[in-house]
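Engineer: Quick one: structure below, then a few questions.
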Amino acid sequence: MKTTTRSIASQILILLFFLLPLFSYSQKVALVLSGGGAKGLSHVGVLKALDENRIPIDYIVGNSMGALVGALYAIGYSPEEIELFVTGNSFREWVSGSVDADSYNIMINNEDASWVGLPFSLKRNIKTSLPASFVSPHLMDFAVMNVFSAASAASGYNFDSLVVPFRCVASEIDSTKLIVLKSGQLGSSVRASTTFPFYIRPIRIDNRLLFDGGMYNNFPADIAEDEFHPDVIIGSKAAGNYPPSEESDIVSQVQNMLMRKADFSIPGDKGILIESKMGKTSVLDFSRIQTYIDSGYSASVDQMETIRTMVSRRVDTDSLQRLRTRFKAKCPPLTFDSILITGVNSHQAQNIRSRLSFRNKYHTINDITNNYFSLIADEKISNIYPQLYYDSAIADYNLLLDVTMSEKFSARFGGNISSSASNEAYISVKYMFLHGIGGQFGLSGYYGRFYSSIQVNALLEIPGNTPYFIDVTGNLSRKDYFKNTNYFFEDPTPAFLINDERFINLDIGQKLGKSDKISVGLGVVNRSFNYYQSNNFTRNDTADQTDFNFLIPHFFYEYNTLNRKQFASKGMRIYVSGKYINGTETNIPGSFSTLSDTSDSHESFFQFKLLYDNFFAHGKRIHFGFFGDLTASNQPLLYNSTSTLLSSPVFVPLPEMQTMYLERYRAFGYVGGGFKTIFDIFKNADIRAEAYIFQPYQRIVNQGLDLKPTFGTAFSDPSFSFSTRIVYHTLLGPASISLNYLDRNGEKYAVMFNFGYLIFNKSMFD
451 MKTTTRSIAS QILILLFFLL PLFSYSQKVA LVLSGGGAKG LSHVGVLKAL
501 DENRIPIDYI VGNSMGALVG ALYAIGYSPE EIELFVTGNS FREWVSGSVD
551 ADSYNIMINN EDASWVGLPF SLKRNIKTSL PASFVSPHLM DFAVMNVFSA
601 ASAASGYNFD SLVVPFRCVA SEIDSTKLIV LKSGQLGSSV RASTTFPFYI
651 RPIRIDNRLL FDGGMYNNFP ADIAEDEFHP DVIIGSKAAG NYPPSEESDI
701 VSQVQNMLMR KADFSIPGDK GILIESKMGK TSVLDFSRIQ TYIDSGYSAS
751 VDQMETIRTM VSRRVDTDSL QRLRTRFKAK CPPLTFDSIL ITGVNSHQAQ
801 NIRSRLSFRN KYHTINDITN NYFSLIADEK ISNIYPQLYY DSAIADYNLL
851 LDVTMSEKFS ARFGGNISSS ASNEAYISVK YMFLHGIGGQ FGLSGYYGRF
901 YSSIQVNALL EIPGNTPYFI DVTGNLSRKD YFKNTNYFFE DPTPAFLIND
951 ERFINLDIGQ KLGKSDKISV GLGVVNRSFN YYQSNNFTRN DTADQTDFNF
1001 LIPHFFYEYN TLNRKQFASK GMRIYVSGKY INGTETNIPG SFSTLSDTSD
1051 SHESFFQFKL LYDNFFAHGK RIHFGFFGDL TASNQPLLYN STSTLLSSPV
1101 FVPLPEMQTM YLERYRAFGY VGGGFKTIFD IFKNADIRAE AYIFQPYQRI
1151 VNQGLDLKPT FGTAFSDPSF SFSTRIVYHT LLGPASISLN YLDRNGEKYA
1201 VMFNFGYLIF NKSMFD
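Listed below in structure tokens is the structure:
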């Protein structure tokens, strides 16, 4: 009996010995995701198809967009969560570098007509600093930090300890080497791998400047083999090698210079390649994300039978979800204990730290987000690269900001090129500094037939528990309406009208958030009108002259999230101002006047203005907006109609209206407004249709030469204006062709072409 028992046991042991390899063997599958720019989002569809069929993914290796998609899966995102992430508006904004309304930072200084800014240094040979990228990386860098920092901490900064072990590749151009990233900050590794040359600013990891891994290996299947030794490799190919360069195509030449030909074969023939078909679309076209995802899904489904045959193992969906849940539970919440700032001196670091969070009360990323983007928009700062490092000793993160300062000097150039006489040249030079306090000193000038101006400015920004700014501006400007008469359709009754303004203004204010500011100030103003009350003058005649010397205490509040400084299509602007204007008026009669003596009078009045510009509804390619202007004043009538109208507030909803003397849109008090519709033809081009009504409280009625004007009937005789234009937004500025209808003497319709900005220095009476 004992012998029989022993015999049976021996047979069982022998059987188990031969079956053990079968039970212990478990296929290991690596997924390799190629680069491909926007097309790389087809990998999301591949993941969806594999997940639906319970195909295991034990390792992920990716490059560029494949690195981003792969990293999201590696930290526990399901394919559906990744799809929701990449099809959202936030993702589109940070890969394109665009800034939405919530990320907009209002500037302390007013907008100008500049097309391009060129920083330079006097310590070195004067040279322009070309941008390191076409796309602003700030939103991307901040988003990558938010998405991946907690997972990096949970893995102990070891990519083998993620939900799925992960590798990505980047290119070090100094050594011409491919770098395999397997530890450290996961977000920074992904950011380096997605750095397409010239499109996105490169970053440094371990003091190595890294770019897109596709420069040396766009399909890192060999890395998957070397790092993980999988049994099966599933490859996803989102984009092939670039076509041969063409003589006239600089982009194709750069692509082939920078990117090596990729080998899309699977090592050892132990895998399968899924090739998504997406046609000839740009690798930078993020307008078809869902199409790319669907393409990857379809391509995977077409090969699923082969994949299922090759991979016999199936993953348990519930177990995988529990694994993801356990990993996410290990992720420390994104709170931080301190802010560490590198790349700047101690005074600059303290200034930056104080501006990020008042009274040192910072705990979460949300606490500093607004101030962070306000800081990013500061011209004195060229770039900030943020990272969160987890310190297990204190169970909290440290926020590390690597700051790059801008050159101290900057020159700007711009203006407007027009088919009318509204041609303007603009130039400015400024010196910027950031120490215990920040600020700038600037000199700018406009020169044109209609408008000429020179302005000096000194701005100080004082940080602290209640940060504020002090802005001192000196301005000399001239508007010559008489010279601005060369339209396609001539105005038969041009008037000799010149408006000279000289002022010194002091403002003390505070930015209330990243989108609004408030200020109080005091201006000392000299204003002079030179004009004829009749057009029947010769060069021997002398114009009438009205001079004003005013002291103007004032306040204003502004909220601005408009996406462009001219021809916006998104966002909102609210501007509220109040002025008390007090001083003297001096009237000097000209040769046409029946008066001979100079006369003086005292003027004292209030002026209130409310501007409201809001794009309130948006479709896929259409936007609807409303513009309104409410102005009220108890300003008195002057000695004659011309000087009274020249001194009146004016309704100018269209840019071209700023350059014209339009009596029908001037009054002391009025309400004006209307609607605008913008249709996007394609990415940077749109058609705009606008219609406005101007209703004065009381029109200023001309009673004749040298006679004081009177007020007309209240709320009567409105004026209308209409505009249709095509706008193309170039890298330098907008180019537009417009057909405008204006209520004025002579030809009411005008066709105009403009390239650039019809933006002028702000008047004390705007």
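Each residue of the sequence shown is one higher than the one before, starting from 451 at the first, in this note's numbering.
Backbone N, C-alpha and C fix where the C-beta goes; we use that ideal spot for every residue, glycine too.
Here the structure is a predicted model, which is why all the values come from computation and not from measurement.
Report the three-state DSSP secondary structure of N873 (helix, strand or coil).
Structural biologist: It is coil, neither helix nor strand.
Engineer: What runs of the beta strand (DSSP E), each 3 residues or longer, lie entirely inside the stretch 1013–1057?
Structural biologist: Entirely contained in the stretch 1013–1057, the beta strand (DSSP E) runs reaching 3 residues are, in chain order, 1022–1038.
Engineer: So, for G737: in the same chain, excluding its five sequence neighbours on each side, which residues have a beta-carbon less than 8 Å away from its beta-carbon?
Structural biologist: Note on identity: in this sequence residue 737 is Ser, with Gly being the wrong assignment. Correct list, in chain order: K1133.
Engineer: Span of the alpha helix (DSSP H) holding T644?
Structural biologist: Careful: T644 lies outside any alpha helix (DSSP H) and carries neither H nor E.
Engineer: Take the Cβ of P1003 as the centre, count every other Cβ of all protein chains shown within 10 Å, and call the residue buried at 16 or more, exposed below.
Structural biologist: Exposed, since its Cβ has fewer than 16 Cβ neighbours within 10 Å.
Engineer: Within this structure, are the beta carbons of F953 and V922 separated by less than 8 Å?
Structural biologist: Not in contact: F953 and V922 (Cβ atoms no closer than 8 Å).
Engineer: Apart from the five residues on each side of it in sequence, which residues of its chain come closer than 8 Å, Cβ to Cβ, to P615?
Structural biologist: Excluding residues within five positions, the ones whose Cβ falls inside 8 Å are D508, Y509, I510, A524, F609 and F678.
Engineer: From N1195, E1197, V1177 and G1196, pick the residue whose C-alpha is nearest to that of V1205; which is it?
Structural biologist: According to the sequence displayed, residue 1205 carries Phe and not Val. Measuring from the Cα of F1205, the nearest candidate turns out to be V1177.
Engineer: So V630 is in the beta strand (DSSP E); what residue range does that whole segment cover?
Structural biologist: Run containing V630: K627 to L631, per the beta strand (DSSP E) assignment.
Engineer: Rounded to the nearest angstrom, what separates V1201 and S870 at their Cα positions?
Structural biologist: Each residue's Cα considered, the two are about 9 Å apart.
Engineer: Where does F541 land, buried or exposed, given buried means 16+ other C-beta within 10 angstroms?
Structural biologist: The residue is buried, with at least 16 neighbouring Cβ atoms inside 10 Å.
Engineer: Pull up the distance between the alpha-carbon of G1033 and that of A593, whole angstroms please.
Structural biologist: If I take the Cα positions, the gap works out to 54 Å.
Engineer: Taking all protein chains shown into account, do 16 or more other C-beta atoms lie within 10 angstroms of the C-beta of S1093, making it buried, or fewer, making it exposed?
Structural biologist: By the 10 Å Cβ count, S1093 comes out buried.
Engineer: Which term fits R1138, buried or exposed, when burial requires 16 or more other beta carbons within 10 angstroms of its beta carbon?
Structural biologist: Looking at its Cβ environment, which holds 16 or more other Cβ atoms inside 10 Å, R1138 is buried.
Engineer: Mark K1070 as exposed unless 16 or more other C-beta atoms lie within 10 angstroms of its C-beta, in which case mark it buried.
Structural biologist: Classification of K1070: exposed, given that the 10 Å Cβ count is below 16.
Engineer: Specify whether the stretch 982–1000 and the stretch 1037–1045 touch according to this definition: at least 3 beta carbon pairs, one from each stretch, less than 8 Å apart.
Structural biologist: Enough Cβ pairs lie closer than 8 Å, so yes.
Engineer: Determine whether the beta carbon atoms of A563 and G865 lie at a separation below 8 Å.
Structural biologist: Yes, Cβ-Cβ distance for A563 and G865 is below 8 Å.
Engineer: Would you call Y1199 buried or exposed, if buried means 16 or more other Cβ atoms sit within 10 Å of its Cβ?
Structural biologist: Exposed, since its Cβ has fewer than 16 Cβ neighbours within 10 Å.
Engineer: Does the Cβ of L437 have 16 or more other Cβ atoms within 10 Å, making it buried, or fewer, making it exposed?
Structural biologist: This structure cannot speak to residue 437, because the chain is shown only from 451 to 1216.
Engineer: Put G973 into one of helix, strand or coil per three-state DSSP.
Structural biologist: Strand.
Engineer: Provide the residue span of the beta strand (DSSP E) that contains F1210, from first to last.
Structural biologist: Taken as a continuous stretch (DSSP letters only), F1210 belongs to no beta strand (DSSP E), as it is neither H nor E.
Engineer: Can you confirm whether the stretch 617–628 touches the stretch 660–670 when touching is taken to mean that 3 or more C-beta pairs between the two stretches lie within less than 8 Å?
Structural biologist: A contact exists between the stretch 660–670 and the stretch 617–628.
Engineer: For G637, count neighbouring Cβ atoms within 10 angstroms of its own Cβ and tell me buried if that reaches 16, exposed if not.
Structural biologist: Looking at its Cβ environment, which holds 16 or more other Cβ atoms inside 10 Å, G637 is buried.
Engineer: Indicate the three-state DSSP secondary structure (helix, strand or coil) for M1107 in the structure shown.
Structural biologist: Here M1107 sits in helix by DSSP.
Engineer: Report yes if the CB atom of G793 is closer than 8 Å to the CB atom of T854, and no otherwise.
Structural biologist: Yes. Within cutoff.
Engineer: If we count the other Cβ atoms within 10 Å of its Cβ and call it buried at 16 or more, is N1084 buried or exposed?
Structural biologist: Under this definition N1084 is an exposed residue.
Engineer: Taking 8 Å as the limit between beta carbons, can you name the residues of its chain near S579, skipping five residues before and five after?
Structural biologist: Because S579 carries a pLDDT of 49, less than 50, the predicted location of this residue cannot be relied on, and no value is offered for it.
Engineer: To which residues of the same chain is F473 closer than 6 Å at the C-beta, ignoring the five residues directly before and after it?
Structural biologist: Note that F473 has pLDDT 38, beneath the 50 cutoff, so the model's placement of it is unreliable and the number below is only indicative. No residues qualify anywhere along the chain.
Engineer: Have a look at G888, Y847 and F535 and flag the residue whose alpha-carbon is nearest the alpha-carbon of Y918.
Structural biologist: When only C-alpha atoms are compared, the closest one is G888.
Engineer: Are K903 and L893 touching if we call contact CB-CB under 8 Å?
Structural biologist: With the sequence shown as reference, residue 903 is identified as Ser, and Lys is not the correct amino acid for it. It is not a contact, given that the beta carbons lie outside the stated cut-off.
Engineer: Would you say P680 and K478 are within 8 Å of each other, going by their C-beta atoms?
Structural biologist: Result yes, Cβ atoms of P680 and K478 sit closer than 8 Å.
Engineer: Under a three-way DSSP split, which group does I815 fall into?
Structural biologist: It is helical.
Engineer: Is S1246 buried or exposed, if buried means 16 or more other CB atoms sit within 10 Å of its CB?
Structural biologist: In this structure the chain extends from 451 to 1216, so residue 1246 is not present and cannot be described.
Engineer: Can you tell me the Cβ-Cβ gap for L734 and A1135, rounded? I've got them flagged as a contact below 8 Å.
Structural biologist: Rounded, the Cβ-Cβ distance is 17 Å, inconsistent with contact.
Engineer: So is L806 buried or exposed if we call it buried at 16+ other beta carbons inside 10 Å?
Structural biologist: So L806 ends up on the buried side.
Engineer: Within the same chain, show all residues whose beta-carbon is closer than 8 Å to that of F859, passing over the 5 residues directly before and after it, in chain order.
Structural biologist: Closer than 8 Å at the Cβ level, and outside the excluded window around F859, lie P569, F570, S571, L572, V879, K880, Y881 and M882.
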